[in-house]
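Worksheet for the structure shown next.
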Amino acid sequence: RMAVMPGMVNAHTHLFQTFLRGLADDKPLLDWLAAAIWPVAQALNPEEAFVAAKLGLVENIRSGATAVIDHQYIHTDPHNDDGVCRAAEETGVRFLLARGWTDMGYHPAFMESPDQIMAEMARLHATWQGRANGRIRVEFAPLIPWGCSDETMQRTYAQGKAWGVGCMIHIAETRKEVEMNLELRGLRHVEWLASLGTLGPDVQLVHSVWLDDHELDLLVVHGGVVVHCPVANMYLASGMARIPEMRRRGITVALATDGPGSNNNQDMLEVLKTTALSGKVSTLDAMALLPEDVIWMACRGGSQAFGQPEFIGSLEVGKKADVVLVDLDTPFAMPVHRVPSALVYNVNSGSVDTVIVDGAILMRDKEVLVVDEKAVLAEARAACARLFERAGIAG
Numbered sequence: 095r096m097a098v099m100p101g102m103v104n105a106h107t108h109l110f111q112t113f114l115r116g117l118a119d120d121k122p123l124l125d126w127l128a129a130a131i132w133p134v135a136q137a138l139n140p141e142e143a144f145v146a147a148k149l150g151l152v153e154n155i156r157s158g159a160t161a162v163i164d165h166q167y168i169h170t171d172p173h174n175d176d177g178v179c180r181a182a183e184e185t186g187v188r189f190l191l192a193r194g195w196t197d198m199g200y201h202p203a204f205m206e207s208p209d210q211i212m213a214e215m216a217r218l219h220a221t222w223q224g225r226a227n228g229r230i231r232v233e234f235a236p237l238i239p240w241g242c243s244d245e246t247m248q249r250t251y252a253q254g255k256a257w258g259v260g261c262m263i264h265i266a267e268t269r270k271e272v273e274m275n276l277e278l279r280g281l282r283h284v285e286w287l288a289s290l291g292t293l294g295p296d297v298q299l300v301h302s303v304w305l306d307d308h309e310l311d312l313l314v315v316h317g318g319v320v321v322h323c324p325v326a327n328m329y330l331a332s333g334m335a336r337i338p339e340m341r342r343r344g345i346t347v348a349l350a351t352d353g354p355g356s357n358n359n360q361d362m363l364e365v366l367k368t369t370a371l372s373g374k375v376s377t378l379d380a381m382a383l384l385p386e387d388v389i390w391m392a393c394r395g396g397s398q399a400f401g402q403p404e405f406i407g408s409l410e411v412g413k414k415a416d417v418v419l420v421d422l423d424t425p426f427a428m429p430v431h432r433v434p435s436a437l438v439y440n441v442n443s444g445s446v447d448t449v450i451v452d453g454a455i456l457m458r459d460k461e462v463l464v465v466d467e468k469a470v471l472a473e474a475r476a477a478c479a480r481l482f483e484r485a486g487i488a489g
């Protein structure tokens, strides 16, 4: 017995981090960055970015994600971005490269000048926008408010508007980051975006944990898609976003795993259950988020984050054939009294049987067809070892 559902959208990840899972457990965000992300990322090359992304995309396929937004901000070699896009092309997923950038206040190895950011994004747009029968697209992705200047924010947002692409940014992930922006600019994160004219329905606001009431009001007025990463928020002890209240106010919410470095997997079905349960316990309301709400966020909300609600997110005549079949004939799903309940509370990534993107079958009978999975694992093992040796990290 199979449940048929729209392909889910993993609305925010960092695929290069598949090589970093478990490397810096049990640390808050800023310590985690210093311990794991920065040392390894400085040594990453395009071939390793390709292999890491391919491994992460196989995991996404196995969990029922047919579309993925990758916030790729490691540009020590500019062709790391191309490596990630090649992985998407090879694995057959629907893919949005959110090309990250910082131009101030961040680790010096990762900062770029405004002209570098614009030139590299123009190259990526010319190379990858609409590639693979339209499956691959690119957009700007300022990394964090405290690493982005006002001028470059406005410049990149305006160029994205001209190209018809969106914008992704991490905001209000931790209280410390909110305090940093208040000290720097006297504004909270959403207030800052609104003041620059860079807040709108085409902006994906990742985490959005520490938003106050005024910021929620601004989202209602201006629009913007909140991307909820509950597992990562718990893993880094960042806090829990006010998702039930956001939904009551009419704010669109999408769901995501976040990067494997702050989640340790890419299991969107785990995210469904975690979203539902965290929404209940954070409000002490068992009805705060129902299975249907969570599936809507993963599919319809995700389609809005992805910028293609007219093409994906639901099974309707005229939309893309992005379809997932989930096996309900398993010990942990049986008996199934309500399919939405089973999808959110019972099943796991091992239950995903078939994955179809754009009419092409990527996985059937729980076997990935688009790549040799054992070969990918071997490639990843070798590439990770080379990367860690070069970075001087004991893996």
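In my numbering, the protein residues as written are 95 to 489.
Even for Gly, the Cβ is constructed at its ideal location relative to N, Cα and C.
Could you tell me how far apart the beta carbons of residue i and residue j are, in whole angstroms, since I believe they sit closer than 8 Å?
i: Ile155; j: Thr185; result: 7 Å
i: Gly158; j: Val347; result: Rounded, the Cβ-Cβ distance is 18 Å, inconsistent with contact.
i: Ala491; j: Ala181; result: Only positions 95 to 489 of the chain appear in this structure, which leaves residue 491 out of reach.
i: Ala350; j: Cys323; result: 5 Å
i: Ile389; j: Ser397; result: With 8 Å as the limit, Ile389 and Ser397 do not qualify as a contact, their Cβ atoms being about 12 Å apart.
i: Gly194; j: Leu237; result: 5 Å
i: Ala479; j: Ala137; result: In fact, because the Cβ distance is near 12 Å, the residues do not count as touching under 8 Å.
i: Val134; j: Leu151; result: At roughly 19 Å, the Cβ-Cβ gap does not stay under 8 Å, so Val134 and Leu151 are not in contact.
i: Thr112; j: Pro338; result: That pair is no contact at about 31 Å.
i: Glu233; j: Val259; result: 4 Å
i: Gly317; j: Gly294; result: 5 Å
Just tell me which of the options has its CA closest to the CA of residue i.
i: Glu285; options: Arg269, Pro295 and Leu305; result: Leu305
i: Arg188; options: Asp416, Ala477 and Asn442; result: Asp416
i: Pro403; options: Gly150, Ala130, Ala161 and Ile131; result: Ala161
i: Lys414; options: Phe400, Met212 and Gly453; result: Gly453
i: Glu267; options: Asn327, Trp257, Leu293 and Leu237; result: Asn327
i: Ile345; options: Ala479, Val297, Pro324 and Gln136; result: Val297
i: Ala399; options: Pro202, Arg432, Gln210 and Val320; result: Val320
i: Asn139; options: Pro122, Arg342, Ile168 and Ile163; result: Ile168
i: Leu190; options: Glu153, Ala129 and Ile230; result: Ile230
i: Asp307; options: His165, Gln210, Val98 and Arg282; result: Arg282
i: Val315; options: Gly333, Met334, Gly291 and Ser332; result: Gly291
i: Met391; options: Leu313, Pro202, Arg341 and Leu276; result: Arg341
i: Ile211; options: Thr250, Glu245 and Pro202; result: Thr250
i: Gly333; options: Val451, Pro122 and Val470; result: Pro122
Which residues share a DSSP beta bridge with residue i?
i: Asp421; result: Met96
i: Asn104; result: Val162
i: Trp195; result: Pro236
i: Met262; result: Gln298
i: Ala348; result: Val321
i: Ile455; result: Ile450
i: Glu183; result: None; Glu183 has no bridge partner.
i: Ile230; result: Phe189 and Arg225
i: Glu461; result: Arg458
Any beta-carbon of chain C closer than 9 Å to the one on residue i?
i: Pro236; result: No chain C is present in this structure, which holds just one protein chain.
How should residue i be labelled, buried or exposed, when 16 other C-beta atoms within 10 angstroms of its C-beta is the threshold for buried?
i: Met381; result: exposed
i: Phe426; result: exposed
i: Ser289; result: exposed
i: Leu149; result: buried
i: Ser372; result: buried
i: Gln248; result: exposed
i: Val178; result: buried
i: Thr170; result: exposed
i: Leu422; result: buried
i: Glu483; result: exposed
i: Glu461; result: exposed
i: Arg269; result: exposed
i: Asp459; result: exposed
i: Leu409; result: exposed
i: Ile163; result: buried
i: Val325; result: buried
i: Asn227; result: exposed
i: Pro412; result: For the record, residue 412 in the displayed sequence is Gly; it is not Pro. By the neighbour-count rule (16 or more Cβ atoms within 10 Å), Gly412 is not buried but exposed.
i: Asp447; result: buried
i: Ala252; result: exposed
i: Ser207; result: exposed
i: Leu378; result: exposed
i: Ile455; result: exposed
i: His165; result: buried
i: His431; result: exposed
i: Arg336; result: buried
i: Ala477; result: buried
Just to check, is the beta-carbon of residue i closer than 8 Å to a non-hydrogen atom of the ligand COA?
i: Gly407; result: As far as ligands go, the structure on display features none, and thus does not contain the ligand COA.
Counting beta carbon pairs with one atom in the segment 160 to 176 and one in the segment 118 to 127, are three or more of them shorter than 8 Å?
no
Looking at C-beta atoms only, is the number of pairs between the segment 260 to 269 and the segment 204 to 223 that lie closer than 8 Å three or more?
no
Take every Cβ of the segment 232 to 246, pair it with every Cβ of the segment 191 to 204, and state whether three or more of those distances are shorter than 8 Å.
yes
Would you check if there are 3 or more beta carbon pairs closer than 8 Å linking the segment 427 to 444 to the segment 129 to 143?
no
Given 8 Å, three or more beta-carbon pairs between the segment 351 to 370 and the segment 440 to 457
yes
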